[in-house]
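Q: Just passing along the structure, written as structure tokens.
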Amino acid sequence: MTDKLRKEIIDARTILGLCFVQMLYYQEAKQAIDPIIELAHQMNYEEKLSAILTITGNYEILVKEDYSNGCKHFEDAVKISSRVNDTNSLLIANWRLALTYCLNCEFEKASRPFKQALDICTAAKNLWGIARVRSYEAFFLHFYPGNMNEAYLTAEDAIRNAEESGDTYSKAFAYPVLGISYYGKGWFKDAIKAFLKGVALCEKLNLSMWNAIARWILAEVYFEVGEYQQSKHHYQVTVQLLEQGNAHASWISINKTGAEMAALRTGKKDIDMELLNRYMAVGKYKYANAWKAIYIAKILLNSDKHYSREADNWIRKAIQTAEQNRMMWHLAKSRALYAEFFKRKGDTLKAKKQLFKAIEIFKECGADGWVEKYEKEFAKF
40 MTDKLRKEII DARTILGLCF VQMLYYQEAK QAIDPIIELA HQMNYEEKLS AILTITGNYE
100 ILVKEDYSNG CKHFEDAVKI SSRVNDTNSL LIANWRLALT YCLNCEFEKA SRPFKQALDI
160 CTAAKNLWGI ARVRSYEAFF LHFYPGNMNE AYLTAEDAIR NAEESGDTYS KAFAYPVLGI
220 SYYGKGWFKD AIKAFLKGVA LCEKLNLSMW NAIARWILAE VYFEVGEYQQ SKHHYQVTVQ
280 LLEQGNAHAS WISINKTGAE MAALRTGKKD IDMELLNRYM AVGKYKYANA WKAIYIAKIL
340 LNSDKHYSRE ADNWIRKAIQ TAEQNRMMWH LAKSRALYAE FFKRKGDTLK AKKQLFKAIE
400 IFKECGADGW VEKYEKEFAK F
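Position 99 of the sequence shown, counted from 1, bears residue number 138 in the numbering used here, the numbering being contiguous throughout.
This is the structure in structure tokens:
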């Protein structure tokens, strides 16, 4: 076989892998490039190595949840794509490196690669690319740490670019993130409308992972407004969507826990602590622990049985995890939950103290609707 033919095979399989990545099918993408990884390295075919490393990195971070190897693949891809002036691979590698940092709650480190990805799209006047990068920024870089004003403004920018591009694919990314930003601000009705539009677009394009993200946070919104059956449904559908790809262990465990939380409000009586502890142990990313700890604390707090000590421990765990990972909006939610815990125990002084802390943190996050919600509760004491 000639070198020319070998390169043609590498080219074809790399293109196939990138197509799968665009559709968020990371396991299939890795399978597409597996036969040519060693060959590309042997030939030192740098024009395609950066893309191959990026595809492999996606598999590492989302299927295996291997943060260290995933980062290394993306960092190497950034270096190679810069050296050979492969702008497309440089865009994707920076974008995915930024995502990886966010999943591990390293938000400051994520800012630079996100900016580099956005700069590439802006220079090329690539509106759908801008919309998609901004969608990721809004959720992972701003919503996760609790910067709700930035999440909202960034999501709005994603929508503007998606609408101007006329590209349905970018709209399918932008509308769920708009819903997420509305939820972060505490605007529940607007959030539900944006989510439902986003879910419809994701289903039309078969974007299973982004559909799952939309349904996951939609499930939270429904829980907050007391639509527990709808909440349970969307948590369960999220799990089904994510399990199709044999990936996303952290997200799956969050949503399985969320489904248990909603089920308790729709007639389920028994709490399986062994199962909940297993869910807590699944997944390797830091961000997931704050979410699951809050869910488990809510399960214990709302049980018919007496789980006061356990609920106290899990709320403390939620507070500690959110503080350690600088997830301030989740910290505020944990403090508000602690206020509810003390209120039920009849300790008004401690309840007011925790609720005051929650309100102050929500203010810092720019979560206006949440501030209004809990200021009304505070006034009732």
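Where is the CB? At the ideal position from N, CA and C, for every residue including glycine.
Do R374 and I400 count as a contact pair if the criterion is CB distance below 8 Å?
A: Yes, these two residues count as a Cβ contact at 8 Å.
Q: Is the separation between the beta-carbon of A390 and that of F381 shorter than 8 Å?
A: Yes, they are a contact pair.
Q: Return the Cβ separation of I293 and W330 in integer angstroms, given the expectation that the two are a contact with Cβ distance under 8 Å.
A: That pair is a contact at about 5 Å.
Q: Quick one: grab the DSSP three-state call for I252.
A: Looking at I252 - three-state DSSP - the assignment turns out to be helix.
Q: Tell me the start and end of each unbroken alpha helix (DSSP H) in the stretch 185-258 that is at least 4 residues and wholly inside, in chain order.
A: As far as the stretch 185-258 is concerned, its whole alpha helix (DSSP H) runs of at least 4 residues are 187-204, 207-224, 227-244.
Q: Could you tell me the distance, in whole angstroms, from the CA atom of E299 to the CA atom of T387?
A: Distance between the alpha carbons of E299 and T387: 29 Å.
Q: By alpha-carbon positions, which one of T277, A350, I76 ends up nearest to H112?
A: Here the closest residue by C-alpha is I76.
Q: Can you tell me the Cβ-Cβ gap for I94 and L57, rounded? I've got them flagged as a contact below 8 Å.
A: Yes, they are in contact, since the Cβ atoms of I94 and L57 sit about 7 Å apart, within 8 Å.
Q: Assign A320 to one of two classes, buried (16 or more other C-beta atoms within 10 Å of its C-beta) or exposed (fewer than that).
A: It counts as exposed.
Q: Considering only their Cβ atoms, is the gap separating A213 from A170 smaller than 8 Å?
A: Cβ atoms of A170 and A213: closer than 8 Å.
Q: Would you mind reading off the limits of the alpha helix (DSSP H) that contains K391?
A: K391 -> alpha helix (DSSP H) spans 387-404.
Q: Check whether the Cβ atoms of A277 and W255 lie closer than 8 Å to each other.
A: Correcting the residue identity first, residue 277 is Thr in this sequence and not Ala. Yes; because the gap between Cβ atoms is below 8 Å, this pair is in contact.
Q: Would you mind stating whether T161 and E176 have Cβ atoms separated by less than 8 Å?
A: For T161 and E176, no; Cβs fall outside 8 Å.
Q: Distance, Cα to Cα, L431 vs F420?
A: The chain is shown from 40 up to 420; residue 431 falls before or after that span and cannot be answered.
Q: Would you mind working out which of S150, Y208, F146 sits nearest Y183, comparing C-alpha positions?
A: Nearest option by C-alpha distance: F146.
Q: Looking only at its chain, what residues have a beta carbon closer than 6 Å to the beta carbon of W226, apart from the 5 residues adjacent to it on each side?
A: Closer than 6 Å at the Cβ level, and outside the excluded window around W226, lie G408.
Q: Is the beta carbon of Y318 sitting closer than 8 Å to the one on K344?
A: Against a cut-off of 8 Å, the Cβ pair of K344 and Y318 comes out as no contact.
Q: Leaving out the 5 sequence neighbours to the left and right, which residues in its chain are closer than 6 Å to S209 when beta-carbon positions are compared?
A: W167, A170, R171, A201, listed in sequence order.
Q: Could you give the distance in angstroms between the alpha-carbon of E313 and the alpha-carbon of Y191?
A: So the two alpha carbons sit approximately 38 Å from each other.
Q: Out of Y274, S121, A116, which has the shortest C-alpha to C-alpha gap to R135?
A: Closest by alpha carbon: A116.
Q: Please check the pair Y65 and G284, which I expect to be a contact at CB under 8 Å, by giving their CB distance rounded to whole angstroms.
A: At roughly 7 Å, the Cβ-Cβ gap stays under 8 Å, so Y65 and G284 are in contact.
Q: Is the number of C-beta pairs between the stretch 118-130 and the stretch 299-311 that are closer than 8 Å three or more?
A: No contact exists between the stretch 118-130 and the stretch 299-311.
Q: By Cβ distance, which residues of its chain are closer than 6 Å to S174, with the 5 residues on each side in sequence left out?
A: The answer, listed in chain order, is A197, F212, A213, V216.
Q: Between the alpha carbons of A68 and G265, how many angstroms are there, rounded?
A: Answer to the nearest angstrom: the Cα atoms are 40 Å apart.
Q: Mapping the DSSP letters down to three states, classify H345 as helix, strand or coil.
A: The answer is coil: DSSP assigns H345 none of H, G, I, E or B.
Q: Report the start-end ranges of each alpha helix (DSSP H) in the stretch 47-133 that is 4 residues or longer and not cut off at the edges.
A: Listed in chain order, the complete alpha helix (DSSP H) runs (minimum 4 residues) inside the stretch 47-133 are 65-72, 76-81, 85-101, 106-123.
Q: Rounded to whole angstroms, what's the CA-CA distance from R151 to N97? Just pull it up for me.
A: Distance between the alpha carbons of R151 and N97: 19 Å.
Q: Determine the closest residue to A378 out of A336, N364, K402, G405, with distance taken between C-alpha atoms.
A: For the residues A336, N364, K402, G405, the minimum Cα distance to A378 belongs to A336.
Q: Closer than 6 Å by C-beta to K46: which residues in its own chain qualify, once you throw out the five before and the five after it? Chain order, please.
A: Excluding positions up to five away in sequence, the list is empty.
Q: Do you know whose CA, among G218, L244, K224, L240, lies nearest K232's CA?
A: Selected option, being the one with the closest Cα: G218.
Q: If you draw a straight line from the C-alpha of Q61 to the C-alpha of L92, how long is it?
A: For Q61 and L92, the distance between alpha carbons rounds to 15 Å.
Q: By a C-beta neighbour count over all protein chains shown, 10 Å radius and 16 as the cutoff for buried, is K28 buried or exposed?
A: Summary: the structure shown does not reach residue 28, with the chain confined to residues 40 through 420, and so no result is reported for it.
Q: Figure out for me which residue from C241, A51, A230, I159 has the closest Cα to the Cα of D206.
A: The shortest Cα separation from D206 among C241, A51, A230, I159 belongs to C241.
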